[in-house]
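Written below as structure tokens is the structure these notes are about.
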Amino acid sequence: MHLPDHEFVKPATLADSLALLRSASGEIKLIAGGTDVVYNMRGRLFQPDILLSVRDLAELQGVADTTAGGIRIGAGIRLTDLEHEPRVAAYPALVTAGRAVASRHVRNMATLGGNLCLDTRCWYTNQTAEWRQAKGPCLKNGVAVCHAIKSASVCVALNASDIAPALIALNADITLANVDGERRLPLTDFYTDDGVTHTIRDADELLVAIDLPAPSGRTVFIKETARKGNDFSYAVIAAGGEVAGQRVTGLRIVLGCLTTRPLSLQEPVRIIETRGLTDEAIDVAAAAARDELGPLTNLYTPAAYKSSLARSLVRQALRELRDATP
Amino acid sequence: MTTKRQVMTLTVNGDSHELLVSPRQTLLDVIRGQLGLTGTKEGCATGTCGVCTINNDNGEAFLSCITPALEWDGKAITTIEGLEAGGKLAAIQQAFIDYGAVQCGFCTPGVIMSAQGIVNTLDDPSEDDINDGMAGVLCRCTGHIKVKEAIRNVAKYKS
Ligand SMILES: Cc1cc2nc3c(=O)[nH]c(=O)nc-3n(C[C@H](O)[C@H](O)[C@H](O)COP(=O)(O)OP(=O)(O)OC[C@H]3O[C@@H](n4cnc5c(N)ncnc54)[C@H](O)[C@@H]3O)c2cc1C
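So the protein lines, in turn, are chains D and C. Throughout, our numbering is defined as the position within the first sequence, counted from one, plus 11. Throughout, our numbering is defined as the position within the second sequence, counted from one, plus 3.
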């Protein structure tokens, strides 16, 4: 099946792209690696008037040192290049998360920026257009109906990015640009609890860079999925902190792919920071994670499974954080 | 809105083509429909099965079914038809024959172009590298055992 009709444009510079984003009439969709956009166009979930390609923009490439001792990664970096970038090796959770995405084939196309802006996914919407015809459109198509959770008034599609939780656990900032200038914010503030407008990106903005602070402490990343290769996750977890024996400070624990926004856990962090990384405290923290997840009825696996998955991932991540050789 | 066709240039297996292409076409549509190179197959058309795999200008494997054709304006690709040179099969093709890495053959072009992606980018691929390079392409008949044997032994065929 051919892609839906649209106009394809590929400005030569970032400035031209931003100008077009501001001035274009009709719905405009950015495309980088295209591994999510084209998939969604084939399923008729996206039917933009214009596709604006940022794939080859030089301004979105490269990794540079920052004055703060960290690094700035261009949003257009391919995931394959991210794996091989020497500066990124100082952030093992990011390398592991990047490698966990899809397949080599997909990573040879996909970009980091595209991964962070990846559309949310739902067991109902992410079917073929023909399949969806039986029940019809939903909140994702501007109709006030949810077929995934009958009573939902806000879209409950889930964040599907493997890398966002890792970057949040690494305290990453992102920079968005439009013709007027740039704004920088913590990546965790980029996401919302609405599966339709799942990021705060304005329609005329482009994600240009990701900033990481100087590497410090330990970080871990774990992905759970049906197959080892080429599959979206049931859940991922990333954790990081300054670990000294059983004491940990600056702890972050982020669960991904279970909720509409990557979920930074609060109570489990408090428990571990007060009680330390003992086996008992880890079990208590893992049990507490469930309360912060909200309803778990959307997507592919039963709620009971996801609930116990979240618990065991928290336990596993905290043990790895404690036991990893520094 | 009516489709706005654009002229693009695309180098396929060393030959340069000037093509009139609609935004609705993927690279796969152009390769098969417009250039008549039907070695590359369409399977799932959503990036999951890998049978549409071709190589980019760095020799890396990627998926033609989820690549808008116009993205590749000015670039080069290699398809299964481009592996053979001067009547001689590429090392990976001969290895596939000798190690019996083919059954019905439908996925074979995509499987071989995935394997060729490994050959092109790594001198001495480890078992992990081979798994990594082949996880994105599926064979429903014969599985990956024979395929991996062929890839492990491809060095023998390089002249
Ligand atoms: C078979 C298959 C398996 C997959 N498995 C996984 C997986 O395991 N884990 C995972 O995380 N993902 C997975 N994906 C999804 C996707 O491949 C990745 O998330 C990929 O990183 C998306 O990057 P891209 O450059 O291809 O994005 P694109 O498809 O180009 O874009 C994705 C979204 O981001 C927006 N966008 C892109 N660049 C920018 C920018 N610079 N500024 C603002 N918005 C932008 C686009 O408008 C679009 O909405 C899978 C996809 C497929 C087809």
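No residue lacks a Cβ here, since even glycine has one placed at the ideal position from N, Cα and C.
Hey, residue i and residue j: beta-carbon distance below 8 Å or not?
| i | j | result |
| --- | --- | --- |
| Ala-314/D | Leu-320/D | no |
| Ile-174/D | Ala-328/D | no |
| Ala-180/D | Thr-107/D | no |
| Gly-338/D | Leu-187/D | Only positions 12 to 337 of chain D appear in this structure, which leaves residue 338/D out of reach. |
| Ile-160/D | Val-167/D | yes |
| Ala-183/D | Leu-198/D | yes |
| Cys-268/D | Leu-169/D | yes |
| Leu-63/D | Pro-26/C | no |
| Ile-168/C | Gly-103/C | Residue 168/C falls outside the range modelled here, since chain C spans only 4 to 162, and no answer is possible. |
| Gly-240/D | Ala-138/C | yes |
| Leu-127/D | Ser-172/D | yes |
| His-116/D | Gly-53/C | yes |
| Gly-109/D | Gly-44/D | no |
| Ala-300/D | Val-325/D | yes |
| Thr-91/D | Arg-118/D | yes |
| Val-265/D | Ile-282/D | no |
| Ala-72/C | Gln-106/C | no |
| Leu-29/D | Val-190/D | yes |
Mind checking which residues open and close the beta strand (DSSP E) that includes residue i?
| i | result |
| --- | --- |
| Gly-261/D | 258-267 |
| Gly-85/D | 82-85 |
| Ile-61/D | 61-64 |
| Leu-41/D | 39-42 |
| Glu-193/D | 192-197 |
| Thr-285/D | It is not in any beta strand (DSSP E) - Thr-285/D instead sits in the alpha helix (DSSP H) that spans 278-286. |
| Ile-221/D | 217-223 |
| Ala-64/C | 64-66 |
| Glu-87/C | Careful: Glu-87/C lies outside any beta strand (DSSP E) and carries neither H nor E. |
| Asp-76/D | 74-76 |
| Asn-58/C | 56-58 |
| Glu-235/D | 229-235 |
| Val-20/D | 18-20 |
| Ala-214/D | Unbroken run through Ala-214/D: none, as it is neither H nor E. |
| Ile-69/C | Premise fails: Ile-69/C is in no beta strand (DSSP E) and is neither H nor E. |
| Ala-79/C | 78-80 |
Between the Cα of residue i and those of the options, spot the shortest distance and give me the residue it belongs to.
| i | options | result |
| --- | --- | --- |
| Ile-69/C | Ala-93/C, Thr-41/C, Val-33/C and Gly-90/C | Val-33/C |
| Glu-253/D | Pro-22/D, Lys-239/D and Arg-263/D | Arg-263/D |
| Arg-55/D | Gly-73/D, Leu-71/D and His-17/D | His-17/D |
| Ala-69/D | Gly-85/D, Val-280/D and Pro-148/D | Gly-85/D |
| Lys-317/D | Thr-270/D, Val-65/D and Ala-249/D | Thr-270/D |
| Tyr-50/D | Leu-169/D, Asp-205/D and Ala-121/D | Ala-121/D |
| Asp-60/D | Val-48/D, Ile-211/D, Lys-40/D and Gly-44/D | Lys-40/D |
| Leu-288/D | Arg-281/D, Val-219/D, Val-165/D and Val-259/D | Val-259/D |
| Ala-298/D | Gln-277/D, Tyr-311/D, Asn-309/D and Thr-312/D | Gln-277/D |
| Glu-110/C | His-147/C, Gly-36/C and Leu-13/C | Correcting the residue identity first, residue 110/C is Cys in this sequence and not Glu. Checked all of His-147/C, Gly-36/C and Leu-13/C; the closest Cα to Cys-110/C is His-147/C. |
| Arg-286/D | Val-247/D, Arg-115/D and Gln-257/D | Gln-257/D |
| Thr-81/C | Val-15/C, Ala-153/C, Asn-156/C and Arg-143/C | Val-15/C |
| Gly-17/C | Thr-124/C, Gly-62/C, Pro-112/C and Pro-71/C | Gly-62/C |
| Trp-75/C | Asp-127/C, Lys-91/C and Leu-31/C | Leu-31/C |
| Gly-39/C | Cys-47/C, Asn-59/C, Leu-22/C and Gly-50/C | Leu-22/C |
| Lys-161/C | Thr-145/C, Leu-66/C, Asp-127/C and Gly-113/C | Asp-127/C |
| Asp-132/C | Glu-284/D, Leu-129/D, Asp-130/D and Ser-114/D | Ser-114/D |
| Arg-132/D | Tyr-311/D, Lys-146/D, Gly-261/D and Val-20/D | Tyr-311/D |
| Pro-226/D | Ile-42/D, Asp-76/D and Asp-200/D | Asp-76/D |
| Glu-45/C | Asp-60/C, Leu-66/C and Gln-37/C | Leu-66/C |
| Arg-333/D | Glu-284/D, Leu-150/D, Asn-309/D and Arg-322/D | Glu-284/D |
| Gly-72/D | Ala-296/D, Ser-244/D and Val-219/D | Correcting the residue type first, residue 72/D is Gln in the shown sequence and not Gly. Checked all of Ala-296/D, Ser-244/D and Val-219/D; the closest Cα to Gln-72/D is Val-219/D. |
| Asp-130/D | Gly-87/D, Glu-193/D, Val-207/D and Asn-152/D | Val-207/D |
With residue i as the anchor, note down where its alpha helix (DSSP H) starts and where it stops.
| i | result |
| --- | --- |
| His-116/D | 115-118 |
| Ser-25/C | Run containing Ser-25/C: none; DSSP gives neither H nor E here. |
| Lys-149/C | 148-155 |
| Phe-243/D | Element bounds for Phe-243/D: n/a, residue is neither H nor E. |
| Asn-134/C | 130-137 |
| Asn-189/D | No alpha helix (DSSP H) contains Asn-189/D, which is instead part of the beta strand (DSSP E) from 184-189. |
| Lys-341/D | This structure does not reach residue 341/D, given that chain D is present from 12 up to 337, and the question cannot be answered. |
| Phe-99/C | 94-101 |
| Arg-35/C | It is not in any alpha helix (DSSP H) - Arg-35/C carries neither H nor E in the DSSP assignment. |
| Gln-9/C | Segment 9-15 is the beta strand (DSSP E) holding Gln-9/C; no alpha helix (DSSP H) there. |
| Asp-27/D | 25-34 |
| Ile-121/C | 111-124 |
| Ala-111/D | 103-111 |
| Val-49/D | 48-53 |
| Val-165/D | Counting along the chain, Val-165/D falls outside any alpha helix (DSSP H), and DSSP gives it neither H nor E. |
| Ala-292/D | 290-300 |
Just confirm the distance between the C-beta atoms of residue i and residue j, as a whole number of angstroms; I'd bet it's less than 8 Å.
| i | j | result |
| --- | --- | --- |
| Ala-93/C | Glu-87/C | 6 Å |
| Asp-205/D | Val-165/D | 5 Å |
| Ile-115/C | Ile-100/C | Between Ile-100/C and Ile-115/C the Cβ distance is about 11 Å, and since that is not below 8 Å, they are no contact. |
So if I threshold CB-CB distances at 8 Å, which residues from the stretch 117-131 of chain D count as touching chain E?
The question asks about chain E, but that chain is absent: this structure's protein chains are D and C.
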